[in-house]
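Below is one structure; the comments refer to it alone.
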Amino acid sequence: MLTSEMIKEAALAAGADMCGIGNMARFEGAPREMDPRMLFPEAKSVIGMVFRIPRGVQRGIEEGTQFYQYPSMAYGGINEIYAPSVLYQVGQLIEDHGWEAFIYRNTGARGCVSDMDGSPGNTLSPEEQIEVMNQAKRKTAHHRSVQFTRPARPGQVPPDLQFQFRLAAVACGLGEIGWSKMFLTKNFGPLQRVAFIFTDAELEPDPLYSGKPLCRRCFACVRECPGGCLSRTESIQVNIGGKICEWGKLDEWKCYAFYTHGGPKFNPFVPKAVWDKNENGDLDLLEGKAAANEKEIMKVYRALEKYFPTWVGYNMAKCGGCIRACVSMLEKKGGCMEGRFKEPLRTGKAWVMDR
Ligand code: SF4
Ligand code: SF4
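At position 14 of the sequence shown the residue is numbered 45 (this note's numbering), and the sequence of numbers has no breaks.
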């Protein structure tokens, strides 16, 4: 008989850092367009796996010396290489026992609602839109949602359904959502990515995390966001299987602009004169003079794209301010990640440029 223990053992042996199991009832209340129960209605259990982001891939950003490793190793590497192979192997075990394994690797921008903020309709992915403009005759625009999707059968939601990964990780008992909206675990703080399997096997679920709060509510993430994207006072609350998850209200579009471009004081790749000139007001968003929306973000991307080779399939994170601030705070003051490293991520002050 297939048990939760067998699945966890297989997941860890295949390379996952943590594995937790939830039941599908924990998704009660999710918007239909993002409810994983719509994916595979017969599913009884969700298996969540954590893949650590090595702290060292943040080192170059922390020092201001190398910005490539985080998006390539932490985003691309885990999403595209490490996690899928583990999902595949655990899926084999499940199907060898006669149950189905609906494996769900990290995708992004595939649903009928935006994967950024859950809003319906047709929102663009600015970096890929630029690529499209450059090769207008050969490619189709990429969006944060699927443009013309519609239900395949009455009563269904339009494909491709994309659910909220961080909340699903909470539903698997793996950790909590921090004020930064990042998913936190005891061992790795905010440094992980997650992947899932839905199965019709009825597995013993793990309890939801109920230990010591993992988020210190220190608001270092708010203070160190170069764009002021995260509110200190306004919050969002969601109920997952009876556990209230709360995080600071995030301006996702603004974050999108800042984490890829850093802003005037956090992007060593753009000449100072470009910031000073702010031609046509293209950088107004990053200067805090315009609200973040698709139009303004496109202006930023168009104006700054040439200063850094972004086209690796993943956004080139130049920020990570909230993550590094969080790691630094948690390591020093406790909450999670305690005793994990011999030396702290940050020993002095974080760098900031005079433009
Ligand atoms: S990723 Fe950067 S821009 Fe986005 S909330 Fe964190 S610190 Fe702010
Ligand atoms: S920086 Fe502080 S408030 Fe923000 S998520 Fe981390 S522990 Fe929570």
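Glycine included, each C-beta is placed from N, C-alpha and C at the ideal position.
Could you say which of the options lies nearest to residue i if we only look at CA atoms?
i	options	result
L43	I52, M80 and G60	M80
I267	K280, E73, G258 and P257	K280
K243	C252, E126 and T216	T216
I125	C256, I354 and A41	A41
F133	V177, P185, L118 and Y290	L118
F98	E111, L314 and T291	T291
G365	I109, E36, R248 and R181	R248
G240	I328, I208 and K296	The sequence as given places Tyr at residue 240; Gly does not occur at that position. The shortest Cα separation from Y240 among I328, I208 and K296 belongs to I208.
D127	R386, G108 and L33	L33
A334	W130, E131 and L314	L314
T180	A199, V144 and E310	V144
A199	G272, R263, E93 and F250	G272
K39	F82, G129 and V121	V121
V301	E131, K326, D282 and E336	E336
R221	E73, M37 and F82	Position check: residue 221 holds Pro in this sequence, whereas Arg was assumed. It is F82 whose Cα lies nearest to the Cα of P221.
W130	E111, E73, A183 and G149	E73
M37	A183, D307, S262 and Q123	Q123
I109	D282, D48, A183 and K308	D48
D282	E310, I328, E111 and D307	I328
Since residue i and residue j are thought to touch, with beta carbons under 8 angstroms apart, how far apart are those beta carbons, to the nearest angstrom?
i	j	result
V201	C276	6 angstroms
G51	G293	Rounded, the Cβ-Cβ distance is 34 angstroms, inconsistent with contact.
C246	W210	5 angstroms
A356	R254	7 angstroms
G53	D237	7 angstroms
M69	Q178	With 8 angstroms as the limit, M69 and Q178 do not qualify as a contact, their Cβ atoms being about 20 angstroms apart.
C260	F289	6 angstroms
W278	K320	Not quite, the Cβ-Cβ distance comes to about 27 angstroms (not below 8 angstroms), so this is no contact.
L316	P295	Not really, about 11 angstroms apart at Cβ, beyond 8 angstroms.
F297	K349	6 angstroms
Y287	M147	7 angstroms
K274	R386	That pair is no contact at about 44 angstroms.
Below 9 angstroms between beta carbons: does that hold for residue i and residue j?
i	j	result
V77	P62	no
I84	A56	no
G95	P299	yes
Y113	G46	yes
F194	F71	no
K285	G258	yes
V305	Y338	yes
Q89	I354	yes
R377	S359	yes
A323	K75	no
P151	S116	no
L234	S103	no
E374	M368	no
G352	C252	yes
E64	P189	yes
G31	N270	Nothing about residue 31 can be reported from this structure: the residues present for the chain run from 32 to 386 only.
F229	Q223	no
N137	F219	no
Is any heavy atom of ligand 3 found at a distance shorter than 8 angstroms from the C-beta of residue i?
i	result
Y135	No copy of ligand 3 occurs in the structure displayed; its ligands are ligand 1 and ligand 2 alone.
Would you please verify whether the beta carbon of residue i is less than 9 angstroms from any beta carbon of chain C?
i	result
F227	Going by chain labels, chain C is absent from the structure shown, which holds only one protein chain.
Segments of 3+ residues assigned as beta strand (DSSP E) that fall wholly inside the stretch 54-117: 76-83
Alpha helix (DSSP H) runs wholly inside the stretch 244-291, at least 4 long, in chain order: 251-254
Beta strand (DSSP E) segments (min. 3 residues) lying fully within the stretch 179-230: 223-230
Any alpha helix (DSSP H) of 4 or more consecutive residues that is wholly inside the stretch 306-370: 325-335 and 352-364
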